[in-house]
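Chemist:
Protein chains in written order, with the working numbering: chain A, 3 to 301; chain B, 75 to 489.
(1) Just the Cα atoms here: how many angstroms apart are residue 352 of chain B and residue 172 of chain B?
(2) What in chain A is Cβ-close to residue 287 of chain B, meaning under 8 Å?
(3) Assign residue 143 of chain A to buried or exposed, taking buried as 16 or more other Cβ atoms, counted over all protein chains shown, within 10 Å of its Cβ.
(4) Excluding the 5 residues flanking residue 126 of chain B on each side, which residues of the same chain have their C-beta closer than 7 Å to its C-beta?
(5) Using the Cα positions of residue 315 of chain B and residue 182 of chain B, report the straight-line distance between them to the nearest angstrom.
(6) Distance, Cα to Cα, residue 332 of chain B vs residue 268 of chain B?
(7) Can you find the residues in the same chain that come closer than 6 Å, C-beta to C-beta, to residue 119 of chain A, ignoring five residues on each side of it along the sequence?
(8) With residue 259 of chain A and residue 225 of chain A assumed to form a contact (beta carbons below 8 Å), what rounded beta-carbon distance in angstroms separates them?
(9) Could you list which residues in chain A have their beta carbon closer than 7 Å to that of residue 296 of chain B, in chain order?
(10) If the cut is a Cβ gap below 7 Å, which residues of chain A does residue 291 of chain B touch?
(11) Can you pull the chain A residues whose beta carbon is under 8 Å from the beta carbon of residue 80 of chain B, in chain order?
(12) So, at 7 Å on beta carbons, what are the nonlocal neighbours of residue 348 of chain B in its own chain, with the 5 sequence-adjacent residues on each side left out?
(13) Is the beta carbon of residue 429 of chain B less than 7 Å from the beta carbon of residue 419 of chain B?
(14) Could you confirm whether any beta carbon from chain A is found closer than 7 Å to the beta carbon of residue 317 of chain B?
(15) Could you list which residues in chain B have their beta carbon closer than 7 Å to that of residue 144 of chain A, in chain order?
(16) The alpha helix (DSSP H) spanning residue 6 of chain A covers which residue range?
(17) The alpha helix (DSSP H) that contains residue 71 of chain A, what's its start and end?
(18) I need the straight-line Cα distance from residue 304 of chain B to residue 336 of chain B, nearest angstrom please.
(19) Is residue 196 of chain B helix, strand or coil by DSSP?
(20) With a threshold of 16 other CB atoms inside 10 Å of the CB of residue 377 of chain B, please say whether the residue is buried or exposed.
(21) Taking a cut of 7 Å between CB atoms, which residues from the stretch 82-94 of chain B lie near chain A?
(22) Determine the chain B residues that contact residue 121 of chain A at a beta-carbon separation under 8 Å, and present them in chain order.
(23) Only counting runs of 4 or more residues, tell me where the alpha helix (DSSP H) segments fall wholly within the stretch 405-437 of chain B, in order along the chain.
(24) So, is residue 179 of chain A buried or exposed, given that buried needs 16 or more other C-beta atoms within 10 angstroms?
(25) Would residue 244 of chain A and residue 279 of chain A be called neighbours here (beta carbons separated by less than 7 Å)?
(26) Using a Cβ-Cβ cut-off of 7 Å (strictly less than) and excluding sequence neighbours within five positions of residue 124 of chain B, which residues of its own chain qualify?
(27) Figure out for me which residue from B:360, B:382, B:223 has the closest Cα to the Cα of residue 448 of chain B.
(28) In whole angstroms, what is the alpha-carbon distance linking residue 162 of chain B and residue 220 of chain B?
(29) Looking at residue 194 of chain A: is its Cβ nearer than 7 Å to the Cβ of residue 29 of chain A?
(30) Find the nearest neighbour of residue 291 of chain A within the set A:207, A:191, A:265, A:220, judged by alpha-carbon distance.
(31) I want to see whether chain A comes within less than 7 Å of residue 275 of chain B, judged by CB atoms only; does it?
(32) Under 6 Å: does the beta carbon of residue 277 of chain A sit that close to some heavy atom of the ligand FAD?
(33) If residue 111 of chain B sits next to residue 301 of chain B, beta carbons under 8 Å apart, how far is it from one beta carbon to the other, in whole angstroms?
(34) Between which two residues does the beta strand (DSSP E) carrying residue 472 of chain B extend?
(35) Just reading off the alpha helix (DSSP H) that residue 28 of chain A is part of, what are its end residues?
(36) For residue 150 of chain B and residue 364 of chain B, what's the separation of their Cα atoms in angstroms?
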């Protein structure tokens with residue numbers, strides 16, 4: 003299955019929120035939708051979920067307009083919230099029924115997920131008696147209980163302790179493995195890097211970068227070298243202003259063109275005692291800051 | 075439709091699990107039971123104590139002092155017939171002593187006759203409703219008239235017959251008798267007022283709670299806003315109706331269980347003899363009035379970001395409703411339910427549930443006026459429902475400063 007957003011446009015009043023937003027996400031893979039606060043992520047997700055219509059463009063499943071009666075979507079909103087004063091089982095069943103499940107099926111699915119997330123003991127408690135992390139796990143069940151085709155997780159890891167984060171990672175990996183489209187939206191780049199095969203960066207309502215994460219990294223200009231050595235001073239002296247220190251104690255050498263790469267690498271390995279030399283690959287964090295910063299680059 | 079049913083059931087369950095809702099209902103049922111069983115309980119105590127006689131309470135003492143001891147018995151007789159609620163006793167004490175007795179509480183009041191045609195009434199605290207002096211004045215003048223006739227040669231028996239002659243008259247009301255319908259109309263209007271305001275506020279708070287707890291984020295992606303809005307409003311309408319039926323139903327039930335103990339109490343009797351057609355009108359106006367207000371409350375609730383905003387946001391709606399209530403109540407107590415203000419109000423959808431209902435109950439309204447009023451109300455309820463659902467749709471995802479009502483309606487009409 004393939005989800006595609008095609009030229010989505012949206013304005014609220016006079017304010018243009020989305021301009022020609024397009025991206026593709028495949029089943030069995032995780033997709034990361036990145037952007038700063040207010041960039042248009044939530045609006046995109048809401049249009050995708052048919053909360054309100056777009057002004058233009060299409061949401062397609064396998065090339066055909068999405069049929070919301072057939073395609074089930076699970077959503078973990080960034081602003082977490084359920085009914086704090088109500089019994090956990092009651093509200094989980096309610097949300098599952100709203101998604102079209104029968105009561106019996108809903109209870110069965112919810113019991114599975116409560117067990118899977120170690121929450122069975124809280125089944126009949128009121129939601130506000132739970133810790134924040136546990137409330138979040140309950141919220142996750144609302145996104146997964148009805149066995150959705152598309153799972154949208156907005157900042158899924160915020161507020162989770164490492165053990166629960168691990169549990170959630172496993173769950174997400176399972177969902178990806180059984181062929182679902184998993185759409186991530188997060189500011190925690192390490193998680194996106196860990197899960198997502200492809201990403202889209204949205205800035206001020208425009209997709210500024212979109213594609214396979216490895217391709218994006220590979221296509222990045224390969225004009226920087228990272229060197230680790232016990233004797234950095236000599237190299238620094240030799241290369242002068244093109245050499246700078248990296249945060250983790252290595253050296254970064256900026257080349258005047260990628261074609262110099264081989265020659266410079268050889269020169270360094272022959273002349274200096276080094277531990278490691280490699281072409282610099284930007285982290286997702288670097289890419290994000292570059293594309294989602296105030297002066298967006300054209301992709 | 076399926077979603078709507080799920081929401082309706084969920085919201086209805088909220089009411090029946092809500093301790094306040096259940097508590098208030100039980101409180102009223104118990105209160106009504108206590109009132110309805112009161113005469114029966116009293117009668118149990120009465121029959122248990124045969125020594126105390128038929129009167130459970132001793133009557134207050136009324137002293138009567140005449141200027142002429144020869145007339146004492148006749149005067150006492152007259153006062154006894156006129157003041158059956160009092161233990162009438164002849165006083166031999168002088169005026170100072172009588173006054174002291176009244177202040178001390180030995181006697182409640184006293185009549186001191188100066189001569190055949192004048193008296194002084196002594197009482198400790200004069201009540202607003204004290205008509206003893208008027209009654210005594212009538213009694214004394216009757217004695218005077220009778221004595222005058224006897225002096226003119228008419229026999230005492232004839233004189234008494236002439237004086238006591240009563241013209242028989244009958245009142246036939248071709249329309250409705252306000253004496254009969256005032257109390258139940260009052261109760262029904264009051265119930266309508268309380269239920270709409272209470273439940274309307276509840277709908278608004280409910281929506282705002284979902285929004286402020288961010289449960290809305292998930293709800294809007296799971297259900298259609300129209301289903302959510304209508305489900306919520308209809309659930310509270312049903313809950314209100316069930317509560318009313320529980321309270322009024324228990325009143326009818328307990329009254330019938332104790333009917334024989336209530337005797338001929340005109341007010342109670344009239345309350346439990348509401349014409350069936352009026353109950354149907356009550357139901358129609360209750361449902362329509364409830365819906366039109368609940369939709370507005372729901373829409374306003376959806377625009378509030380915080381729960382604290384609710385009170386100020388719903389103020390205009392509450393004010394509108396209170397004004398309608400005051401107009402109706404004032405017209406009712408004035409006895410003129412067909413005054414121009416009421417006629418106008420009975421066609422305005424926001425006031426007609428109370429105004430038209432009162433007119434139907436207390437006056438005779440042509441059928442076409444009722445039909446027009448209900449038609450306008452039905453149309454407006456649907457209109458308000460549609461607009462409210464649109465406002466709700468926009469409102470639930472809007473955080474920050476609540477937009478003005480004008481802007482909302484404009485935006486709703488545009489979309």
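Glycine is no exception: its CB is placed at the ideal position from the N, C-alpha and C atoms.
Modeler: The answer reads as follows:
(1) The residue labelled residue 352 of chain B in the question sits at position 278 within the second chain. The residue labelled residue 172 of chain B in the question sits at position 98 within the second chain. Between residue 352 of chain B and residue 172 of chain B, the C-alpha separation is close to 55 Å.
(2) The residue you call residue 287 of chain B lines up with position 213 of the second chain. Within 8 Å Cβ-Cβ: 83, 84, 85, 86.
(3) What you label residue 143 of chain A is simply residue 141 of the first chain in a count that begins at 1. Label assigned to residue 143 of chain A: buried.
(4) By 1-based counting over the second chain, the position of residue 126 of chain B is 52. Its pLDDT being 45, under 50, residue 126 of chain B is placed unreliably by the model, and the measurement read from it follows with that caveat. Closer than 7 Å at Cβ, skipping near neighbours: no residue.
(5) Position 241 of the second chain holds residue 315 of chain B. Position 108 of the second chain holds residue 182 of chain B. Distance between the alpha carbons of residue 315 of chain B and residue 182 of chain B is about 49 Å.
(6) Counting from one through the second chain, the residue named residue 332 of chain B turns up at place 258. Counting from one through the second chain, the residue named residue 268 of chain B turns up at place 194. Answer to the nearest angstrom: the Cα atoms are 28 Å apart.
(7) Here residue 119 of chain A is taken as the residue at index 117 of the first chain, counted from 1. Once the five neighbours on either side are set aside, the close Cβ partners of residue 119 of chain A are 139.
(8) Against the first chain, residue 259 of chain A aligns to sequence position 257. Against the first chain, residue 225 of chain A aligns to sequence position 223. With a Cβ gap of about 6 Å, residue 259 of chain A and residue 225 of chain A count as contacting.
(9) In the second chain, residue 296 of chain B corresponds to position 222, counting from 1. Under the 7 Å cutoff, chain A gives 97, 100, 101.
(10) Within the second chain, the letter at position 217 stands for residue 291 of chain B. Under the 7 Å cutoff, chain A gives 79, 81, 83.
(11) Here residue 80 of chain B refers to the residue found at position 6 when the second chain is read from its first residue. Near residue 80 of chain B (Cβ distances below 8 Å), the residues of chain A are 96, 99, 100.
(12) For this step, residue 348 of chain B is matched to residue 274 along the second chain. Closer than 7 Å at Cβ, skipping near neighbours: 258.
(13) Position 355 of the second chain holds residue 429 of chain B. Position 345 of the second chain holds residue 419 of chain B. Cβ atoms of residue 429 of chain B and residue 419 of chain B: closer than 7 Å.
(14) Along the second chain, read from residue 1 onward, the residue named residue 317 of chain B stands at position 243. Judged by the 7 Å Cβ criterion, residue 317 of chain B is not in contact with chain A.
(15) Counting from 1 along the first chain, the entry for residue 144 of chain A is found at position 142. The answer, in chain order, is 292.
(16) Within the first chain, numbered from 1, the residue matching residue 6 of chain A stands at position 4. Element bounds for residue 6 of chain A: not the alpha helix (DSSP H) but the beta strand (DSSP E), 4-14.
(17) In the first chain, the residue the question calls residue 71 of chain A occupies position 69. Counting along the chain, residue 71 of chain A falls outside any alpha helix (DSSP H), and DSSP gives it neither H nor E.
(18) Here residue 304 of chain B corresponds to residue number 230 of the second chain, with the count starting at 1. Here residue 336 of chain B corresponds to residue number 262 of the second chain, with the count starting at 1. Distance between the alpha carbons of residue 304 of chain B and residue 336 of chain B: 44 Å.
(19) Working through the second chain from its first residue, we reach residue 196 of chain B at position 122. Residue 196 of chain B falls in the strand class under three-state DSSP.
(20) Against the second chain, residue 377 of chain B aligns to sequence position 303. Residue 377 of chain B is buried by the Cβ-count criterion.
(21) 84
(22) Against the first chain, residue 121 of chain A aligns to sequence position 119. Simply none; closest approach about 17 Å.
(23) 414-419, 426-436
(24) As a working note, residue 179 of chain A is residue 177 in the first chain. Exposed, since its Cβ has fewer than 16 Cβ neighbours within 10 Å.
(25) Your numbering for residue 244 of chain A matches position 242 in the first chain. Your numbering for residue 279 of chain A matches position 277 in the first chain. No, these two residues do not count as a Cβ contact at 7 Å.
(26) Reading the second chain from its first residue, position 50 is the one you call residue 124 of chain B. Residue placement at residue 124 of chain B cannot be trusted, given a pLDDT of 48 that sits under 50; what the coordinates show is reported in the next sentence. Cβ neighbours of residue 124 of chain B beyond the five flanking positions: none.
(27) If you number the second chain from 1, residue 448 of chain B lands on position 374. Of the listed residues, the one whose Cα sits closest to residue 448 of chain B is B:360.
(28) Here the question's residue 162 of chain B lines up with position 88 in the second chain. Here the question's residue 220 of chain B lines up with position 146 in the second chain. In a straight line, the C-alpha of residue 162 of chain B is about 21 Å away from that of residue 220 of chain B.
(29) As a working mapping, residue 194 of chain A is identified with position 192 in the first chain. As a working mapping, residue 29 of chain A is identified with position 27 in the first chain. Not a contact, by the Cβ cut-off of 7 Å.
(30) By 1-based counting over the first chain, the position of residue 291 of chain A is 289. Minimum Cα distance to residue 291 of chain A is reached at A:191.
(31) Position 201 of the second chain holds residue 275 of chain B. Not one chain A Cβ lies under 7 Å of residue 275 of chain B.
(32) You won't find the ligand FAD in this model; it holds no ligand whatsoever.
(33) Taking the first residue of the second chain as position 1, residue 111 of chain B is located at position 37. Taking the first residue of the second chain as position 1, residue 301 of chain B is located at position 227. About 45 Å; that fails the 8 Å criterion.
(34) The residue given as residue 472 of chain B occupies position 398 in the second chain. That residue, residue 472 of chain B, is in no beta strand (DSSP E); it is neither H nor E in DSSP.
(35) Your numbering for residue 28 of chain A matches position 26 in the first chain. Unbroken run through residue 28 of chain A is the beta strand (DSSP E), 17-28; no alpha helix (DSSP H).
(36) Position 76 of the second chain, counted from the first residue, corresponds to residue 150 of chain B. Position 290 of the second chain, counted from the first residue, corresponds to residue 364 of chain B. Each residue's alpha carbon lies about 60 Å from the other.
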